[in-house]
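Using full-length UniProt numbering, read the sequence shown as starting at 1 and increasing by one per residue.
Each remark here refers to the structure printed beneath this line.
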Amino acid sequence: MAEVRHAKEILDALEALYGNEARPASDFCYEEPLDDLIVTVLSQNTNDKLRDIAYKNLRKRYPSWEDVASAELEELKEVIRIAGMSSAKPPRIQRILAAVHRKFGRYSLKSLRGWSQPQVREYLTSLPGVGPKTSAIVECFDLDMPGFPVDTHITRLSKRFGWAGEKEPPDKIQARLEASLPPERFRGGHLNFLAHGRSLCGARKFLCAECALIEWCDFGKKTVGHGAR
Numbered sequence: 001m002a003e004v005r006h007a008k009e010i011l012d013a014l015e016a017l018y019g020n021e022a023r024p025a026s027d028f029c030y031e032e033p034l035d036d037l038i039v040t041v042l043s044q045n046t047n048d049k050l051r052d053i054a055y056k057n058l059r060k061r062y063p064s065w066e067d068v069a070s071a072e073l074e075e076l077k078e079v080i081r082i083a084g085m086s087s088a089k090p091p092r093i094q095r096i097l098a099a100v101h102r103k104f105g106r107y108s109l110k111s112l113r114g115w116s117q118p119q120v121r122e123y124l125t126s127l128p129g130v131g132p133k134t135s136a137i138v139e140c141f142d143l144d145m146p147g148f149p150v151d152t153h154i155t156r157l158s159k160r161f162g163w164a165g166e167k168e169p170p171d172k173i174q175a176r177l178e179a180s181l182p183p184e185r186f187r188g189g190h191l192n193f194l195a196h197g198r199s200l201c202g203a204r205k206f207l208c209a210e211c212a213l214i215e216w217c218d219f220g221k222k223t224v225g226h227g228a229r
């Protein structure tokens, strides 16, 4: 099994580069956790720019979640089409809203702030289209709970650091990182990982020779030895 080696050094180096751990939680959280859950569903298999446009379109057309829940499906598809997966996301969102209303009697997830994290994870991942990553986003950013979402960027970096096997799926990597990294560093650390994956450590463009993390990166040391791109 892969080990999470040099975690402190890597987290410290990322914080020195991007500084997201120093930012207050209020910079990121939604007052209503359900808002962030729907944003995260919209973000699946698309980029942040298109996700944000889709969410803006959604809230402009439907002022309340009750309006979204009762919307005509074909119209809802058109409203958020720019986010992709237009045959999957609209019914998924409506099923989530229906499930939340059945559970809490309203379109809100604020009650989760009084639950334990295991209860929150179990409940959120029972909702349509919500896996450990999506749940961890809501936990970490909206409920002040120690979730560490693992997306494609963090999956890639984890494999390059030697923290995960090449064929290991994101949910397994997430479980390992949640068990290994300091919980108080999850929120800012997650954002620092994303920033690094988007700037220096891309899937096809990786600037290993310029990277401050190279001494702890298996992939970087090998790549520089062969001439980094």
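Just so you know, even glycine gets a beta-carbon here, dropped at the ideal spot from N, CA and C.
What number of angstroms, rounded off, separates the C-alpha of residue i from the C-alpha of residue j?
i	j	result
residue 261	K222	Nothing in the structure corresponds to residue 261, since the chain is present only between 1 and 229.
P183	E74	42 Å
G147	E15	18 Å
D35	W115	18 Å
R51	A175	26 Å
E210	L200	8 Å
S87	Q94	12 Å
D171	P132	6 Å
D48	W216	29 Å
A195	D12	14 Å
P169	I10	22 Å
R59	D67	10 Å
Does DSSP put residue i in a helix, in a strand, or in coil?
i	result
F219	helix
F186	helix
C208	helix
L140	Note that residue 140 is Cys in the sequence shown here, rather than Leu. Helix, per DSSP.
E9	helix
Tell me whether the beta-carbon of residue i lies closer than 8 Å to the beta-carbon of residue j.
i	j	result
L37	A54	no
H101	A71	no
Y62	N192	no
A2	G165	yes
Y107	W65	yes
L127	I154	no
A7	L181	yes
Q117	M85	no
R187	A25	yes
To which residues of the same chain is residue i closer than 6 Å at the C-beta, ignoring the five residues directly before and after it?
i	result
Y30	D36, D142
R121	S135
V39	Y55
L177	F148
Report all residues from its chain with a CB closer than 7 Å to the CB of residue i; omit the five preceding and five following residues, and keep chain order.
i	result
P90	L73, L76, K77, I80
P33	L109, K110, L112, V138, D142, L143
V224	C208, A209, I214
A212	A13, L17
T46	A83, G84
For residue i, which residues of its own chain have a beta-carbon under 8 Å away from its beta-carbon, when the five flanking residues on both sides are left out?
i	result
N57	V79, I80, I82
Please give the ranges of any alpha helix (DSSP H) in the UniProt domain "HhH-GPD" (42 to 199), keeping only runs that are unbroken, at least 4 residues long and fully inside the region.
48 to 61, 65 to 69, 73 to 79, 89 to 104, 117 to 124, 132 to 142, 152 to 161, 170 to 180, 186 to 199
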